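Chains as they are written, first to last, in our numbering: chain A, 258 to 385; chain B, 258 to 385.
There are 2 protein chains.
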Amino acid sequence: MEPEAVVNAFIAAVERRDLDGAIALLAEDVRYENVPIAPSVGRAAARATLEMVLLSAREVEWRVDRQVVSGQVVINERVDRFRFEGGWLELPVAGFFEVGDDGLIALWRDYFDMATYMNQLGELTGGG
Amino acid sequence: MEPEAVVNAFIAAVERRDLDGAIALLAEDVRYENVPIAPSVGRAAARATLEMVLLSAREVEWRVDRQVVSGQVVINERVDRFRFEGGWLELPVAGFFEVGDDGLIALWRDYFDMATYMNQLGELTGGG
Chain A
258 MEPEAVVNAF
268 IAAVERRDLD
278 GAIALLAEDV
288 RYENVPIAPS
298 VGRAAARATL
308 EMVLLSAREV
318 EWRVDRQVVS
328 GQVVINERVD
338 RFRFEGGWLE
348 LPVAGFFEVG
358 DDGLIALWRD
368 YFDMATYMNQ
378 LGELTGGG
Chain B
258 MEPEAVVNAF
268 IAAVERRDLD
278 GAIALLAEDV
288 RYENVPIAPS
298 VGRAAARATL
308 EMVLLSAREV
318 EWRVDRQVVS
328 GQVVINERVD
338 RFRFEGGWLE
348 LPVAGFFEVG
358 DDGLIALWRD
368 YFDMATYMNQ
378 LGELTGGG
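This is the structure in structure tokens:
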């Protein structure tokens with residue numbers, strides 16, 4: 258698969274909340290960085306984070322507003338949407354993906370504002 | 258100037274803390290968005306924000322770690338560094354620029370984590 262097709266398939270798996278399908282598109286030693294917090298290395302760590310994020314929501318929709326490809330690099334501007342009992346959480350994200358020759362994502366780095374996420378999470382789940 | 262040259266010149270002006278030089282590269286009706294806060298429209302608003310950011314620091318260095326060009330769009334991953342009395346503040350940023358045919362920046366959108374900025378600002382300036 259071409260790099261953009263890999264990223265598109267990854268996002269489609271995320272939206273289905275298909276954790277196995279999403280993780281299968283990450284390299285064994287994937288570097289996964291949510292920029293506001295510490296980066297992680299390896300599928301297991303990525304799986305733990307994704308599981309928490311995806312399975313706590315009732316629906317997941319990652320709207321891609323722009324996507325640019327340069328060689329093995331895929332960059333997108335997204336609005337990551339998560340439906341909770343109280344409504345939809347919407348998080349603007351800039352994502353950078355590096356896809357290896359093996360068709361697996363070797364780097365996934367998301368820039369976003371953590372407070373934008375946490376404040377909505379608190380409102381929509383009654384926590385926070 | 259090509260889109261990438263415009264963005265490079267803009268960043269160079271920022272690093273010189275040359276507010277007039279930076280603003281001259283923005284379109285009259287530039288859309289300037291710091292994603293964690295409200296977007297602004299127009300040079301005057303961009304100038305007010307940039308002035309506050311640039312002139313409060315003693316030195317400014319925006320390190321570009323990756324830059325990708327696609328037509329009129331320039332995307333970069335940066336570490337925006339600001340030196341205060343207490344030391345350097347370092348902010349990871351994903352920047353998206355759209356450059357018009359007139360060689361001026363029509364859209365400038367930066368994704369970053371506001372708390373990463375504010376926490377360091379508080380530590381380095383004794384405020385916050």
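C-beta: ideal position from N, C-alpha, C; glycine also.
Remember, it's a predicted structure, so these values are computed and weren't measured experimentally.
Query                                                                                                                                                                     : Result
Taking a cut of 7 Å between CB atoms, which residues from the segment 353 to 375 of chain A lie near chain B?                                                             : F353, Y368, F369, D370, M371, A372, T373
Using a Cβ-Cβ cut-off of 7 Å (strictly less than) and excluding sequence neighbours within five positions of R340(A), which residues of its own chain qualify?            : A314, R315, E316
With distances taken between CB atoms, is the gap from S276(A) to A266(A) smaller than 8 Å?                                                                               : Contrary to the premise, residue 276(A) reads as Leu rather than Ser in this sequence. No. Outside cutoff.
When burial is assigned at 16 or more other CB atoms within 10 Å of the CB, is Q377(A) buried or exposed?                                                                 : buried
Taking Cβ-Cβ distances shorter than 7 Å, what residues in chain B pair up with P260(A)?                                                                                   : Those within 7 Å of P260(A) in chain B number zero; the least Cβ separation is about 13 Å.
If the cut-off is 7 Å on Cβ atoms, which residues from the segment 326 to 348 of chain B count as contacting chain A, listed in chain order?                              : S327, V330, I332, E334
Taking only beta-carbon positions, decide if V292(A) is within less than 8 Å of chain B.                                                                                  : yes
At a cut of 8 Å, does the segment 321 to 333 of chain B reach the segment 342 to 361 of chain B through at least three beta carbon pairs?                                 : yes
So A351(B) packs on Y374(B), CB below 8 Å; how close in whole Å?                                                                                                          : That belief does not hold up - the Cβ atoms of A351(B) and Y374(B) are roughly 14 Å apart, past 8 Å.
Quick check on the burial criterion: 16 or more other C-beta atoms within 10 angstroms. Buried or exposed for A262(B)?                                                    : exposed
Put G344(B) into one of helix, strand or coil per three-state DSSP.                                                                                                       : strand
Look at P296(A) and M371(A) and say whether their C-beta atoms are less than 8 Å apart.                                                                                   : no
Against chain B, with Cβ distances strictly below 8 Å, would A246(A) count as a contact?                                                                                  : What the structure shows of chain A is the stretch from 258 to 385, and residue 246(A) is not part of that stretch, so it cannot be assessed.
Compute the distance between the beta-carbons of A270(B) and A284(B), then report whether it is under 8 Å.                                                                : no
Just to confirm my understanding: we take E318(B), look at its own chain, exclude 5 residues before and 5 after, and list those with CB closer than 7 Å. What are they?   : E272, R338
Below 8 Å between beta carbons: does that hold for Y289(B) and W345(B)?                                                                                                   : no
Hey, out of R300(B), G360(B), G379(B), R274(B), whose CA is closest to M258(B)'s CA?                                                                                      : G360(B)
Quick one: Cα of E380(A) to Cα of M309(A), how far?                                                                                                                       : 18 Å
Spatial neighbours of G385(B) within its chain, please: CB distance less than 8 Å, with the 5 preceding and 5 following residues excluded, ordered by chain position.     : At G385(B), the pLDDT of 48 sits below 50, so the modelled position is not reliable; the number obtained from the coordinates is stated separately. The residues are M375, N376, L378, G379.
Only counting runs of 3 or more residues, tell me where the beta strand (DSSP E) segments fall wholly within the segment 264 to 297 of chain A, in order along the chain. : 283 to 291
Quick one: what's got a C-beta closer than 7 Å to D322(B)'s C-beta in the same chain, skipping five residues either side?                                                 : E334, R335, V336
Identify whether E259(A) lies in helix, strand or coil by the three-state DSSP scheme.                                                                                    : coil
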